[in-house]
Structure formats: C-alpha cells, structure tokens
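Counting in the UniProt record's numbering, the sequence shown runs without a single skipped number right up to 60 at its last residue.
So the structure is just underneath, and the comments pick up after that.
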Amino acid sequence: MSVLDVSTGAGYIAKIEYQSFVDGERVRCSVYVSGCQIQCQGCYNKAAQQFRYGEAMKHT
C-alpha cells in the first residue's frame, strides 16, 4: 500500500496538528500521513513509517 491509494481514496493519517508553528511562517494546520518507503535508521518517528499507522481515512 502506498501513502494514498488513489483508486479507493484510502490512507492513514499519523497526526493532525491544528495549530502548528514549526512547519513554516505563521500559524497553520499540518496533516502528517503515514508510510515511508525510505525507512531511514535515524528517523525521528519510526512508528509513522508503517503505512497503516494512525487513523484510517477515506476521501469521498
């Protein structure tokens, strides 16, 4: 499974940060999706590397 299965619109959300101050200028909402094929050994969030980590979502 990839980060987002385009044919079904299914995927997993690792985290939603509704008021993020660290991902750019000003206040913003950041959505972090699950899954990473790179699998870096020093990853700061190894759990989110799994494609089925977090809350299931489906785009309709």
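Beta carbons: idealized from backbone N, C-alpha and C, even for Gly.
Buried versus exposed, by CB contacts within 10 Å (16 or more), residue i
i: Gly-9; result: exposed
i: Gly-42; result: exposed
i: Gly-54; result: buried
Residue(s) in a DSSP beta bridge with residue i
i: Lys-46; result: Answer is none; Lys-46 lacks a bridge partner.
i: Tyr-12; result: Ala-56
i: Glu-25; result: DSSP, once it has assigned bridges, lists no residue as partnering Glu-25.
Beta carbon of residue i nearer than 7 Å to that of residue j
i: Tyr-32; j: Ala-47; result: no
i: Gln-49; j: Gln-39; result: yes
i: Tyr-12; j: Ser-34; result: yes
i: Arg-26; j: Ser-20; result: no
Identity of the residue in the options nearest residue i by Cα
i: Arg-52; options: Gln-41, Glu-25, Val-27 and Gln-37; result: Gln-37
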